[in-house]
Amino acid sequence: MRLILLGPPGAGKGTQSQRLVKKHGIVQLSTGDMLRAAITAGTPIGQKAKDIMARGDLVPDDVVVGIISDRINEPDAGRGFVLDGFPRTVKQAEALDGLLDKMGLKLDGVVELKVDEGILLKRIAKRHADMQSRGEAARPDDNPEAFETRLGAYREQTAPLIDYYRRRGALRSVDGMAGVDDVSRSIDAVLPGG
Ligand code: AMP
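195 is the number that the working numbering gives the last residue of the sequence shown; the numbers go up by one with no jumps.
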């Protein structure tokens, strides 16, 4: 199973990806997680991405495409994968098409989590509070200013991917406003065999 999860920040892509990983024995490929790991490790990519991510802007396409093309070629990704947070621009989607073509692979679907923008800010505030109450370091981009920037980046640069994949007949839209279990069930229902 090879999937993309598409949706604005706070739509639940990470949560649903983890469930898909358990259910299908695939790997989660989250460019956000990979970039955060690069920042923690202090790599050149991490140094380049740090301030951009803290502001809520998108990291340059060539950087994330490079990360994904390395990761997708690792043996564990051969079991299948769910792309969480990639692609985020049409350029990235075109690069992904090229990568998959070269590998002789096809996507099984692109799942869009549809969520009202109004509730996203509340979700992000809750994630921030939950992480703090668990004593975990809160994400520096889970504050209202950076969140607005992230939402703007989604609207302008990522939302066009909905049409991109719809035109290819790959788009499956589900209601992301329901409870976590209901959203998981809706995703299962739109996937092959569901
Ligand atoms: P996420 O964890 O998916 O919310 O991503 C956190 C941040 O990492 C984003 O706001 C971007 O700054 C950066 N990022 C993650 N994935 C991408 C991507 N595919 N393209 C550009 N920037 C990305």
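Ideal placement from N, C-alpha and C gives every residue a C-beta, glycine not left out.
Source: prediction; values computed, not measured.
To the nearest angstrom, how far is it from the Cα of G196 to the Cα of R156? Outside the shown range of the chain (2 to 195) lies residue 196, about which nothing can therefore be said.
Around the C-beta of M54, are 16 or more other C-beta atoms found within 10 angstroms, so that it is buried, or is it exposed? buried
Is Q19 close to ligand 1? I mean its beta-carbon at under 7 angstroms from any heavy atom of the ligand. no
Out of S174, V116 and F148, which has the shortest C-alpha to C-alpha gap to H129? F148
Tell whether a beta-carbon distance below 8 angstroms holds between A210 and G33. The question about residue 210 has no answer here: the residues shown for the chain are numbered 2 through 195.
Measure how close the beta-carbons of L6 and L114 come, nearest whole angstrom, since I'm counting them as under 8 angstroms. 7 angstroms
Buried or exposed for S1, please, with buried defined as at least 16 other CB atoms from any protein chain shown within 10 angstroms of its CB. In the structure as shown, the chain begins at 2 and stops at 195. Residue 1 is therefore absent and cannot be evaluated.
Over what stretch of residues does the beta strand (DSSP E) that includes G110 continue unbroken? G110 to K115
Ignore the nearest five residues each way along the sequence and tell me which others in Y166's own chain have a CB closer than 7 angstroms to its CB. V111 and L172
Is the number of C-beta pairs between the stretch 79-89 and the stretch 117-131 that are closer than 8 angstroms three or more? no
Beta-carbon spacing of L4, D109 below 8 angstroms: yes
Quick one: give me the first and last residue of the alpha helix (DSSP H) that I73 is part of. D62 to I73
heavy atom of ligand 1 below 7 angstroms from Q93 C-beta: yes
Just verifying my parser: in three-state terms, what is the DSSP assignment at L1? This structure cannot speak to residue 1, because the chain is shown only from 2 to 195.
Pull up the distance between the alpha-carbon of G136 and that of K103, whole angstroms please. 44 angstroms
Between the Cα of F82 and those of K127, G99 and Q17, spot the shortest distance and give me the residue it belongs to. Q17
What's the C-alpha gap between P141 and I68? 22 angstroms
Between the C-alpha atoms of L30 and Q93, what's the straight-line distance to the nearest angstrom? 14 angstroms
Give every residue of the same chain whose Cβ lies closer than 8 angstroms to the Cβ of G99, excluding the five residues on either side of it in the sequence, and list them in chain order. none
For ligand 1, is there any heavy atom lying closer than 7 angstroms to the beta carbon of G170? no
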